[in-house]
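> Quick one: the structure is below, and I'll ask about it shortly.
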Amino acid sequence: MKNINVFISNKFFICLFLLFGNLTILQAKSFQSISESNIPNPVFQNHLGTFYEDLSFYNISTNKFNNQLIQWFNLDDNHSLEKVREFIDEIGYKHESFQHFYKGLKVENDLVFVHSKSGKVTSVNGQLVRFENLDVTFNLSDEAIIQIAKTDFDEGIVTFSSHVDLVISKYEKKKKINIEIAKRVNIYSFYPIENVRYYLNNDGEIVNKFSENNHVDVPGSGVTFYNGTRNFTVDSHEGIYRLKDNFRNIHTFNGQNANSYSYSNTLSYLDTLTGLVIGAEYFTNSAQSFVSSELQPAVSLHWGMTQTFDYFKNIHNRNSFDNLGSPINSYYKFGPNYNAAALTFNQFDYFTFSEGGMTNNRNPFVLLEIVGHEFTHAVIRRNGNGGLNYQYESGAINESMADSFGKAIEFYSSVNPQWTVGEGIYIEPQEPNFVRSMEDPNSSGTPSPDTYMGLHWYPDEFTQSYAVHVHSGVGNFWFYLLSKQEFHTGVNDIGNSYYVQGIGINKAEKIVYKALMEGLTPTATYLDYYNATKQVAIALYGVDSYEYVQVVNAWYAVGVGDVFLDKKEFDFKSNLKIYPNPTKEGKLTIDSQFDEKVTLQVYDFLGKQVSSIFELEKGINQIKIDDLSHGIYFLVFKTDEKTHTEKLIKN
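Here full-length UniProt numbering is used: position 303 in the sequence shown is 303, and no number is missing along the way.
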């Protein structure tokens, strides 16, 4: 076992070309650089075409670069890259997403993300596979495709299909990439709940499939099942009070009656105009205070959705799961076979939660972190770049992000957050008494790996869908290391010693959210996640920032990436605290935890020494800087073995 190798030479790809008839998947070639800037060609890091290039030093115009993307990838005229999304984030970076097309057909899951600031490209990442000589003739009718898919599906009492699309399918089998002309269709059933995406080739063979299910206002209050009495908003309607929050567009329904409904056709289940399940009704009460024990799980669900909405709105400025303010429709008592799920049927999204029961030793599935977890699946699905496919490593990242944001919502709501997932869900305590642990994934109910390709990593034949809840342990442990503000050290499963200083969940959650929105393709791997979070950390904090170093260190700790901070440098930085910085004050506080002698000198922006030499004592040191004018300075610390520099801003 070994780390994901971040830098793979092009020679590696010479032996990776695959032939399917006349189709050829190509290794990267040399090409004419863009203009006179000598931009390096992209280095592909795995079989899915993952790449990341830092172009911040090349001063290349965004418009010029975008106009020559095809040449940059050395693609022929059958290929095109079409802009499908563009936005400017809160710190002034522009993010553009380009979809790969071949002979006018969409190449599924191939996306290129160009990041820029002030009209200059800073970095480019994504996934793109180069190929040529693909025949795009397709003979099977849409009706035949639907029938084959429905025959394989054979799940529900009621099934129906989405429209059928002709695409270029890029799919993975046994760590090899396959490119085929295919038709794509989704098959749905409502009882049981299922939504499966199918890809079928010209011979009617199913080449890939995977589930897309991830498992007038007045103040009110109520007793929740897990978190005691809580305040929330309800709706006053015809003399009763409903679990409905008009401001947040949150609707909490009793799904029990829907389960006994007649499933003779799709229209008897789902209202095609409103997207609401027919037969389900709001939970109601005669008073504004919902206190009966029977209502406690529904109150937990309603309160949990308000906390989840507020978290995404206040922390990430996201309005509902799709950032469009769409209704948040949740159904409790939706049947014993569905623990919790975030579902989509055509254009409608909704959430279902079960009562649990003694047969599976589960309390109601309305824990705050579970509610937040399911909501996050819908956020992922609506990230603007196609979400994250629920299979292989992209599915594991999908699950890990849902766990991470579920935990972040717990911290936001101050409900005694722990670094375990599902604590309290079991009726009869068991060992372990939680579903997953982010702090120690190996100790989870189903043990998960804390290292990429490490202990408990499932072999390839299990990774398509089953292992998404297991392999999420890698991303979960990375998020834990980055979030918990303490010093983490250890040796991972592949023998690498690591040193990580957590930067706090407030910073970690923003890095993960921006990575989801700005830099992940639907088939993202952990290497793509690594690239995207690095790019975000650089944009937010700078390439020489402490936060960026810890993002990389945390990935190294879980076996992803091969760059980490030297231990001496880490020890030096972790033993110094400098505040306030920036500062308007006339003195600077330096907390030194060194046992040895440390000296400090101050230099201005031009490198001129502007202070005498200070000798720091262990503990708190007060340094007078009232003689310094406004500007940028450098604090140079020295021991007998090491020199370390920190930037100081005097306002």
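The beta-carbon is built from N, C-alpha and C at its ideal position, and this holds for glycine as well. A quick note: this is a predicted structure, and the numbers were derived from the prediction, not measured.
Could you check where the beta strand (DSSP E) with residue 130 kicks off and where it finishes?
Premise fails: residue 130 is in no beta strand (DSSP E) and is neither H nor E.
> Could you check which residue in 397, 480, 377 and 469 has the C-alpha nearest to that of residue 417?
480
> Assign residue 535 to one of three DSSP states: helix, strand, or coil.
helix
> Using only the alpha-carbon positions, how far apart do residue 208 and residue 286 sit?
51 Å
> Does the Cβ-Cβ distance between residue 651 and residue 589 come in under 8 Å?
no
> Which value, in whole angstroms, describes the spacing of the CA atoms of residue 483 and residue 632?
29 Å
> Let me check understanding here. Comparing Cα to Cα, which of 293, 253 and 160 lies closest to residue 224?
293
> Straight-line CA distance for residue 572 to residue 495?
24 Å
> Got a sec, what are the start and stop residues for the beta strand (DSSP E) residue 230 sits in?
229–237
> Please classify residue 608: does DSSP put it in a helix, a strand, or coil?
Here residue 608 carries a coil assignment [DSSP, helix/strand/coil].
> Is it a yes or a no for the region 69–82 touching the region 198–213, going by three-plus beta-carbon pairs under 8 Å?
Touching, no.
> Quick one: measure Cβ to Cβ for residue 333 and residue 255, integer angstroms, because I've assumed they're closer than 8 Å.
5 Å
> Look at residue 199 and residue 171 and say whether their C-beta atoms are less than 8 Å apart.
yes
> For the structure I just gave you, are there three or more beta carbon pairs, one from the region 592–609 and one from the region 496–514, closer than 8 Å?
no
> Tell me whether residue 298 sits in a helix, a strand or coil according to DSSP, three-state version.
In the structure shown, residue 298 sits in a helix (DSSP, three-state: H, G or I).
> How far does the beta strand (DSSP E) with residue 490 in it reach, from first residue to last?
487–491
> Quick check: the Cα distance between residue 339 and residue 353, rounded to an integer number of angstroms?
Going by the C-alpha atoms only, they are around 6 Å apart.
> By alpha-carbon positions, which one of 578, 98 and 369 ends up nearest to residue 621?
Checking every option, the nearest Cα to that of residue 621 belongs to 578.
> DSSP state of residue 110, grouped into three classes?
strand
> Using DSSP's beta-bridge definition, name the partner residues of residue 245.
Partner residues in the beta bridge of residue 245, as assigned by DSSP, are 250.
> Are the CB atoms of residue 594 and residue 639 nearer to each other than 8 Å?
yes
> Which first and last residues belong to the alpha helix (DSSP H) in which residue 63 is found?
62–67
> Note the first and the last residue of the continuous beta strand (DSSP E) segment covering residue 577.
576–579
> Nearest to residue 402 by CA position, among 39, 385, 427 and 374, is which residue?
374
> With DSSP run on the structure shown, which of helix, strand or coil describes residue 601?
strand
> Considering only the beta carbon of each residue, do residue 371 and residue 301 sit closer than 8 Å?
yes
> Assign residue 619 to one of two classes, buried (16 or more other C-beta atoms within 10 Å of its C-beta) or exposed (fewer than that).
exposed
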